[in-house]
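Visitor: Here it is, the structure in full.
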Amino acid sequence: MADTVVTLSARGAVRPRGRAPRGRRTLTAYLFLAPFLVLFLAFVVTPAVSGLWISLHTWNELLPLHPFVGLKNFIDLFSPDGLYADDFWESMRATGLFVVLSVPCLLVIPLGIALLLNRRVRAGGVFRGIFFAPYVLGVAVISVLWRFLLDPQLGAVNALLGADIPWTVQVPWAWVSLVGITVWWTLGLNTVILLAGLKGISADLYEAAALDGAGAWRSFRSVTLPGLRPVMTFVTTTTLLASANMFGQSFLITRGAPGTETRTAIMYIADQGLGQGNMGAAAAMSYILFIILAGVSVLNFRLQRDTTR
Amino acid sequence: MKRPLRGIIAAVAIVGLGASIAACSSSDAPSTGSVDAGADYSGPDVTITFWNGWTGGAAPTIVPQLVKKFNDEHPTITVKEQAIEWADIASKMPLAIKSGKGPDVAVLHGDDIATYGAQGLLLDAGDVVKNLGYSADDFPGGLLDNAQYKGVQYGVPWSVTPLGLYVNNDVLESAGLSTTDLPTDAASYTAALDALKKAGVQGEWVDGFVFTGTFEFESLLWQFGGDLFNDDVSKATFNSKAGVQALTWMRDLVDKGYSPANVAQDGNFNALVGGKTAFNWNGVWQTTNEALQSVDHQAVAVPQIGTQQAVWSSSTHWVFPANKGQDPNKSAAAAAFVKWMNDNSLGWADTGELPAQNSIREDPALLTAHPELKVFLDELDYAHYETVAPGITTAVAEITTAVNEAVLGKKSPQDALDDAAKKADAILQQNAATYGG
Numbered sequence: 005m006a007d008t009v010v011t012l013s014a015r016g017a018v019r020p021r022g023r024a025p026r027g028r029r030t031l032t033a034y035l036f037l038a039p040f041l042v043l044f045l046a047f048v049v050t051p052a053v054s055g056l057w058i059s060l061h062t063w064n065e066l067l068p069l070h071p072f073v074g075l076k077n078f079i080d081l082f083s084p085d086g087l088y089a090d091d092f093w094e095s096m097r098a099t100g101l102f103v104v105l106s107v108p109c110l111l112v113i114p115l116g117i118a119l120l121l122n123r124r125v126r127a128g129g130v131f132r133g134i135f136f137a138p139y140v141l142g143v144a145v146i147s148v149l150w151r152f153l154l155d156p157q158l159g160a161v162n163a164l165l166g167a168d169i170p171w172t173v174q175v176p177w178a179w180v181s182l183v184g185i186t187v188w189w190t191l192g193l194n195t196v197i198l199l200a201g202l203k204g205i206s207a208d209l210y211e212a213a214a215l216d217g218a219g220a221w222r223s224f225r226s227v228t229l230p231g232l233r234p235v236m237t238f239v240t241t242t243t244l245l246a247s248a249n250m251f252g253q254s255f256l257i258t259r260g261a262p263g264t265e266t267r268t269a270i271m272y273i274a275d276q277g278l279g280q281g282n283m284g285a286a287a288a289m290s291y292i293l294f295i296i297l298a299g300v301s302v303l304n305f306r307l308q309r310d311t312t313r
Numbered sequence: 042m043k044r045p046l047r048g049i050i051a052a053v054a055i056v057g058l059g060a061s062i063a064a065c066s067s068s069d070a071p072s073t074g075s076v077d078a079g080a081d082y083s084g085p086d087v088t089i090t091f092w093n094g095w096t097g098g099a100a101p102t103i104v105p106q107l108v109k110k111f112n113d114e115h116p117t118i119t120v121k122e123q124a125i126e127w128a129d130i131a132s133k134m135p136l137a138i139k140s141g142k143g144p145d146v147a148v149l150h151g152d153d154i155a156t157y158g159a160q161g162l163l164l165d166a167g168d169v170v171k172n173l174g175y176s177a178d179d180f181p182g183g184l185l186d187n188a189q190y191k192g193v194q195y196g197v198p199w200s201v202t203p204l205g206l207y208v209n210n211d212v213l214e215s216a217g218l219s220t221t222d223l224p225t226d227a228a229s230y231t232a233a234l235d236a237l238k239k240a241g242v243q244g245e246w247v248d249g250f251v252f253t254g255t256f257e258f259e260s261l262l263w264q265f266g267g268d269l270f271n272d273d274v275s276k277a278t279f280n281s282k283a284g285v286q287a288l289t290w291m292r293d294l295v296d297k298g299y300s301p302a303n304v305a306q307d308g309n310f311n312a313l314v315g316g317k318t319a320f321n322w323n324g325v326w327q328t329t330n331e332a333l334q335s336v337d338h339q340a341v342a343v344p345q346i347g348t349q350q351a352v353w354s355s356s357t358h359w360v361f362p363a364n365k366g367q368d369p370n371k372s373a374a375a376a377a378f379v380k381w382m383n384d385n386s387l388g389w390a391d392t393g394e395l396p397a398q399n400s401i402r403e404d405p406a407l408l409t410a411h412p413e414l415k416v417f418l419d420e421l422d423y424a425h426y427e428t429v430a431p432g433i434t435t436a437v438a439e440i441t442t443a444v445n446e447a448v449l450g451k452k453s454p455q456d457a458l459d460d461a462a463k464k465a466d467a468i469l470q471q472n473a474a475t476y477g478g
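Line order of the protein sequences matches chains A and B.
Numbering of the first sequence is given in our numbering, commencing with residue 5 and proceeding in unit increments.
Numbering of the second sequence is given in our numbering, commencing with residue 42 and proceeding in unit increments.
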């Protein structure tokens, strides 16, 4: 935005004063944007369009013929006797359940921790490091770790509790485990972002609120939450999408068990498309997932839009 | 699962992968070339590439040694070996072959060969088998046929890995049971489980995962006289009476208190190592498991629970990829390499796999080095290998779902198997359409 210098003329009218001929400046801007545009076209737009094309075919990448089937792949997903309909919607349900269970935890708990860390606690940096630490581990590492700890018969968790809870093999326990592990693993990121957001809220506002007689709860509601709105929108969106994208934990910890109840949409789509060569059907499923996620994201932005301005 | 914004393009990314893969695929129809070569290579100097999935255990040291020895003995052939995780081979190799960048020789599991063959990714190895002087009698019964699809020989057997019954001797002794007179049939096995139960030990922890609940189920299914699929692999038959008997027997282990409910994958093997259980049905590969070596253990043939002897085994085979523009000299050199490897596969037993070539397994030196393998060798007389049909792994995956649901008590064995069979049938039908039946 700094490329236009705005000056007030003597008559008070706003008049932009360019430093270079307009055409050349635009060209420069486009040149700077070009590399990203090329990447975007090559790795987002092209695949997205060809994905749509693939979804209209029975498409196994290794076979010579890819018969055109029109919207059959999509229709099959919505008809009860479609080959993949049951499994796909079961996996969508699993993903939805995981999102509903994990996203609130991944917003509320990090917010609470960020509020605590935002007070001038001794060794706050150390705590911040501790909360963030699991996030640097890979999904394979945390999965192996928790599979050991949560083993129903031999795991340390059941030994400590003196119970025999089937953490990784029966619902609802498998969901408790998957959500719990994910929250433990990724809450550090949201905490750090929210903490940065908290630091950005001016202390004057709290002071003014206090002078007006606001208590802790009132100033949290009227100063902290509105001040965090842009950050919160971002965190909510990324968390929603990350949770909807859950794959590794289910794949490695529960292996979809019991039966296929914890098999998530991404896990199922990847298996269909890459494992079984059903690119056409998998592409159609991806599009349905994409449309739903896009819808949820838009809704989220709408809901969190600042209506006071 | 963790990068911001990765989610929104997740769907697109998967689609994109499809597109990039599609870009690699060529439109020429699958054609089957063949390798015409023998044990001796007489062509010009060549360098051939060899892909395998042996990334764990003793293999990463043994394979390079074998390759080096081969290279030293064969001045005109240089083999370059590359170990890649099995899962990565599955995702990379087909595309690599299509684009002419695949290996000249590779090792595949028995249940992948038909899939590759149907896609025109492999050369006909029938002449290699003939020229190398192999016949069905050189391998365990049925194994050579197992590398055939639609009458074309696509592979040369390399190794087999049957299931066995692993026994924790200390646990048996603590329950007052003999460690020499081990159960061999349903009656003696149940008696042992009963005795263990009285001593407060759950004798066999049964799991509902691929490793090894599925393998145990398949063994039992064959023991009760059933089979996974019908003869032309167009219909699932694992929900037959035999299948229900097999799965009911497994679920009964839980219901009768011989096994805890809700065993996680590997939980049973870890329990065996940890001295919490006495028996575990597991593959021959566990003979090299390091944790197990600290335990007083032995392995015996799996007991005959059903009406006949049978045991699950997987197999691996040499294959000659039909790379775009494949150099016949390289494939010929690869054939010479395969013959040499099979003839020198005695040391392969160090990896916990059984060499497929009979002459090697019958060499007394094998049992001198590995006496624990005797029971597994004997089992090969009645071992069943993978089903040969393109795309079969997808249908077999439904079996695991059924075993999982029944063992975890989500469905009755009959319902679980019926549901899985219905899905498997649909998959087989789709495979027939995809691969041209």
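Backbone N, C-alpha and C fix where the C-beta goes; we use that ideal spot for every residue, glycine too.
When the Cα of Ser453 of chain B is compared with those of B:Ala390, B:Asn370, B:Val295, B:Thr409, which residue comes out closest?
Guide: B:Val295
Visitor: Between Pro170 of chain A and chain B, is any beta-carbon pair separated by less than 7 Å?
Guide: yes
Visitor: Between which residues of its own chain and Met283 of chain A is the CB-CB distance below 7 Å, once the five residues before and five after are set aside?
Guide: Ile58, Trp63, Asn64, Glu65, Gly277
Visitor: Determine, for Lys133 of chain B, whether the minimum Cβ-Cβ distance to residues of chain A falls below 7 Å.
Guide: For Lys133 of chain B, no CB of chain A lies under 7 Å from its own CB, so it is not counted at the interface with that chain.
Visitor: Candidates A:Asn194, A:Thr266, A:Ser95, A:Ala220: which alpha carbon is nearest Gln174 of chain A's?
Guide: A:Thr266
Visitor: Can you tell which of B:Thr202, B:Asn323, B:Asp384, B:Asn271 has its C-alpha closest to the C-alpha of Ala424 of chain B?
Guide: B:Thr202
Visitor: Measuring only between beta-carbons, confirm whether Ala467 of chain B sits less than 7 Å from chain A.
Guide: Cβ-Cβ to chain A under 7 Å: yes for Ala467 of chain B.
Visitor: Mapping DSSP to helix, strand and coil, what is Thr88 of chain B?
Guide: strand
Visitor: Closest Cβ-Cβ distance between Gln327 of chain B and chain A: below 7 Å?
Guide: no
Visitor: Report the rounded CA-to-CA distance for Thr348 of chain B versus Ile118 of chain B, giving the unit in angstroms.
Guide: 51 Å
Visitor: Indicate whether at least one CB of chain B lies closer than 7 Å to the CB of Val302 of chain A.
Guide: no
Visitor: At a Cβ cut of 8 Å, what residues of the segment 178-203 of chain B count as close to chain E, listed as they run along the chain?
Guide: Although the question refers to chain E, the structure presented lacks it and instead comprises the protein chains A and B.
Visitor: Using a Cβ-Cβ cutoff of less than 8 Å, which residues in the same chain neighbour Asn472 of chain B once the five nearest sequence positions on both sides are dropped?
Guide: Ala430, Pro431, Gly432, Ile433, Thr435, Ala436
Visitor: Where does Phe320 of chain B fall in DSSP's three states?
Guide: strand
Visitor: Assuming Thr318 of chain B contacts Glu245 of chain B (C-beta within less than 8 Å), just tell me the rounded distance between them.
Guide: 7 Å
Visitor: Check each residue of the segment 273-289 of chain B: if its Cβ is closer than 9 Å to any Cβ of chain A, include it; give the result in chain order.
Guide: none
Visitor: Three-state secondary structure (DSSP) at Leu164 of chain B?
Guide: Residue state, collapsed to three classes: coil.
Visitor: Does the beta-carbon distance from Asp145 of chain B to Lys464 of chain B come in below 7 Å?
Guide: Not closer than 7 Å, so no.
Visitor: Mind checking if Pro301 of chain B is an interface residue toward chain A, Cβ cutoff 7 Å exclusive?
Guide: Yes, Pro301 of chain B counts as interfacial toward chain A.
Visitor: Do we get a CB-CB distance below 7 Å when we pair Ala261 of chain A with the residues of chain B?
Guide: Between Ala261 of chain A and chain B, the shortest Cβ-Cβ separation is below 7 Å.
Visitor: Distance check for Ala33 of chain A and Pro234 of chain A, CA to CA, integer angstroms please.
Guide: 27 Å
Visitor: From what residue to what residue does the beta strand (DSSP E) around Ala205 of chain B run?
Guide: Looking at the sequence itself, residue 205 of chain B is Gly, so the reference to Ala does not match. From DSSP, the beta strand (DSSP E) with Gly205 of chain B extends over 196-209.
Visitor: Mapping the DSSP letters down to three states, classify Leu237 of chain B as helix, strand or coil.
Guide: In the three-state scheme derived from DSSP, where H, G and I count as helix and E and B as strand, Leu237 of chain B is classed as helix.
Visitor: Please report the straight-line C-alpha distance between Asp129 of chain B and Pro135 of chain B, rounded to a whole angstrom.
Guide: Distance between the alpha carbons of Asp129 of chain B and Pro135 of chain B: 11 Å.
Visitor: Among B:Phe91, B:Asn311, B:Ala377, which residue has its Cα nearest to the Cα of Glu114 of chain B?
Guide: Selected option, being the one with the closest Cα: B:Ala377.
Visitor: Whole angstroms are fine: how far does the CA of Pro396 of chain B sit from the CA of Ala274 of chain A?
Guide: Approximately 35 Å between the Cα atoms of the pair.
Visitor: Would you say Leu158 of chain A reaches chain B, if we count a Cβ-Cβ gap shorter than 7 Å as a contact?
Guide: yes
Visitor: By the three-class DSSP mapping on this structure, what secondary structure does Thr357 of chain B have?
Guide: strand
Visitor: Kindly say whether Leu449 of chain B, judged by its beta-carbon, lies nearer than 7 Å to any beta-carbon of chain A.
Guide: yes
Visitor: Report the partner residues of Leu395 of chain B according to the DSSP bridge assignment.
Guide: B:Val201
Visitor: Where Gln243 of chain B and Val444 of chain B are concerned, what is the direct C-alpha to C-alpha distance, given to the nearest angstrom?
Guide: Between Gln243 of chain B and Val444 of chain B, the alpha-carbon positions lie close to 20 Å from each other.
Visitor: I need the straight-line Cα distance from Val314 of chain B to Ala100 of chain B, nearest angstrom please.
Guide: 23 Å
Visitor: Entirely within the segment 84-131 of chain B and at least 4 residues each: give me those alpha helix (DSSP H) ranges in chain order.
Guide: Note on the segment 84-131 of chain B: whole alpha helix (DSSP H) runs with a minimum of 4 residues are 100-114, in chain order.
Visitor: Who are the Cβ neighbours of Asn364 of chain B in its own chain at under 6 Å, not counting the five residues just before and after it?
Guide: Ile138, Gly141, Gly143
Visitor: Determine the contact status of Asp268 of chain B and Thr278 of chain B, defining contact as a CB-CB distance below 7 Å.
Guide: yes
Visitor: Going by C-alpha to C-alpha distance, which of B:Thr442, B:Val120, B:Pro412 sits closest to Leu288 of chain B?
Guide: B:Thr442
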